[in-house]
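Novice: Questions regarding the structure given below will be posed in turn.
In the numbering used here, the protein residues as written are 36 to 494.
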């Protein structure tokens, strides 16, 4: 892998949907770079520090959320002189997002008083009262024709279906939730999944006309759903719960066909490979190295620690995995499935049980078995699948990247001084990784994955 040098950032960084550009927030400036050459192609100055950025789907426009102000500024890459500023006045702005046509911006006011659709083509705007959430509760169909927006009135949750062409309400219906958490269209746009807050285990599948197709409740009297994700193919719905289990439903009968546990002890028979991150001291042959007395005395205080090489070691089962028991008297316990992500081919899914923050589980859904376990030294910050092939990249806030493929797992050292990876993102064609540190970022050119490759566990 090849790495760029590090560059300053003070907030969000993201690739454009067409993978050609990188947008970086540096205080009140928005810097646009080319992905290949890293050359600055545009520099926009906002009126305040940038809290949030989002590309339009056509990669021509980009919005900046200045939530402290609060206002939204939008910019055009093809027409740098074009500007747009959205200010809701006393109502404020809690969140903003693009519509699928890249010509409308949806803003949610403070206290969820209203959701407003602003047109970039004319001065028209459409209001929807009482949106349920600021950043959640809005989902668009894959074809971009319809939006499902959650609202709440008279102590009841509703789903409003809007046309993304006219922004008229095509229909609305009440849903059987106590406190709706979020909503998501299925990849084939045939169904909508809705799940309740963590206080009530309830997953509901609705058709676009408001019929409840299925109600799923795994258990009662306990904290419920923590994460939900459709598979890219649309055939599976994964539900991660606070009881530390992953359940997978099929799209034909909506029945559960897999219940995957995350035990603290892994016993045989187990065909999964267990990769444990270990430090291995570098063996340096210093027999022929000769330094003068003056040099060695002068550098005694500054001598570095013994260098190590980080690698994966394949462990045998049974193995006890490190875990943390959350305190029972505190709210929002760190347990349950906090990370849940599908591979691009829908065969694999990776999970992290938050009471075992250093462990990443990789499941083979096609064979309904555990494929691999990654045991890291530090808590896992982020895990992201390559959008073009079966390759998983993990970061833990260390100076290394960790990669897994069906052929094995390996560690990659980032050759930048004091650069610790706290977050990572793929571009849409899988050729580049964006790596974030606390105050800087870099990019890594990722080689294409051969169809059959044998990776060693070393760097």
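C-beta atoms are modelled at their ideal positions from N, C-alpha and C, and glycine is treated no differently.
1) When the distance is taken between beta carbons, is residue 300 closer than 8 Å to residue 355?
2) Going by DSSP, which residues form a beta bridge with residue 39?
3) To the nearest angstrom, how far is the alpha carbon of residue 86 from that of residue 193?
4) What distance in whole Å lies between the Cβ atoms of residue 107 and residue 140, which are believed to be in contact at a cut-off of 8 Å?
5) Between residue 35 and residue 94, how many whole angstroms is the CB-CB distance? I'm expecting something under 8 Å.
6) With DSSP as the reference, identify every bridge partner of residue 316, one or two as the case may be.
7) Give me the DSSP bridge partner(s) of residue 417.
8) Quick check: the Cα distance between residue 509 and residue 238, rounded to an integer number of angstroms?
9) DSSP three-state label for residue 303, please.
10) CA-CA distance, residue 81 and residue 104?
11) Measure the C-alpha to C-alpha separation of residue 445 and residue 263 and round it to an integer number of angstroms.
12) Are the CB atoms of residue 292 and residue 315 nearer to each other than 8 Å?
13) Which of the three DSSP states is assigned to residue 145 in this structure?
14) Determine, using beta-carbon pairs with one atom in the segment 470-483 and one in the segment 451-462, whether at least three such pairs fall under 8 Å.
15) Check the C-beta distance from residue 117 over to residue 97 and give it rounded, since I have them as a contact under 8 Å.
16) Using a 10 Å radius around the Cβ and a threshold of 16 neighbouring Cβ atoms, would you call residue 303 buried or exposed?
17) Could you check whether residue 126 and residue 144 sit closer than 8 Å to each other, using their CB atoms as the reference points?
18) From the DSSP secondary-structure annotation, give me the bridge partner or partners of residue 217.
19) Run through DSSP, which three-state label would residue 125 get?
20) Under three-state DSSP, which class holds residue 8?
21) Let me check one thing: in DSSP terms, what residues is residue 166 bridge-paired to?
Specialist: In terms of the structure at hand:
1) Translated into the one-based positions of the chain shown, residue 355 becomes position 320. Translated into the one-based positions of the chain shown, residue 300 becomes position 265. Yes, the Cβ-Cβ distance between residue 355 and residue 300 is below 8 Å.
2) Here residue 39 corresponds to residue number 4 of the chain shown, with the count starting at 1. Residue 39 pairs with nothing; no bridge assigned.
3) Taking the first residue of the chain shown as position 1, residue 86 is located at position 51. Taking the first residue of the chain shown as position 1, residue 193 is located at position 158. When rounded, the distance between both Cα atoms is 30 Å.
4) In the chain shown, the residue the question calls residue 140 occupies position 105. In the chain shown, the residue the question calls residue 107 occupies position 72. Correct: roughly 7 Å between the Cβ atoms.
5) This structure cannot speak to residue 35, because the chain is shown only from 36 to 494.
6) Taking the chain shown and counting its residues from 1, the one referred to as residue 316 is at position 281. The partner list for residue 316 (beta bridge, DSSP) reads 343.
7) Position 382 of the chain shown, counted from the start, is the residue given in the question as residue 417. Its beta-bridge partners are 430.
8) The displayed coordinates of the chain run from 36 to 494. Any statement about residue 509 would go beyond what the structure contains.
9) The count along the chain shown starts at 1 and reaches residue 303 at position 268. Looking at residue 303 - three-state DSSP - the assignment turns out to be coil, as it is neither helix nor strand.
10) Position 46 of the chain shown, counted from the start, is the residue given in the question as residue 81. Position 69 of the chain shown, counted from the start, is the residue given in the question as residue 104. Rounded to whole angstroms, residue 81 to residue 104 spans 11 Å at the Cα level.
11) Here the question's residue 445 lines up with position 410 in the chain shown. Here the question's residue 263 lines up with position 228 in the chain shown. In a straight line, the C-alpha of residue 445 is about 29 Å away from that of residue 263.
12) In the chain shown, residue 292 corresponds to position 257, counting from 1. In the chain shown, residue 315 corresponds to position 280, counting from 1. Not closer than 8 Å, so no.
13) As a first step, residue 145 must be located in the chain shown, where it is residue number 110. Correct three-state label for residue 145: helix.
14) yes
15) To locate residue 117, count along the chain shown from 1; it is residue 82. To locate residue 97, count along the chain shown from 1; it is residue 62. So it is not a contact: roughly 12 Å between Cβ atoms.
16) Numbered from its first residue, the chain shown carries residue 303 at position 268. Its Cβ having fewer than 16 others within 10 Å, residue 303 is exposed.
17) Taking the first residue of the chain shown as position 1, residue 144 is located at position 109. Taking the first residue of the chain shown as position 1, residue 126 is located at position 91. Going by C-beta atoms, residue 144 is nearer than 8 Å to residue 126.
18) In the chain shown, counting from the first residue as 1, residue 217 sits at position 182. Answer is 230.
19) If you number the chain shown from 1, residue 125 lands on position 90. Helix.
20) No answer is possible for residue 8: the residues shown for the chain start at 36 and end at 494.
21) Reading the chain shown from its first residue, position 131 is the one you call residue 166. The partner list for residue 166 (beta bridge, DSSP) reads 186.
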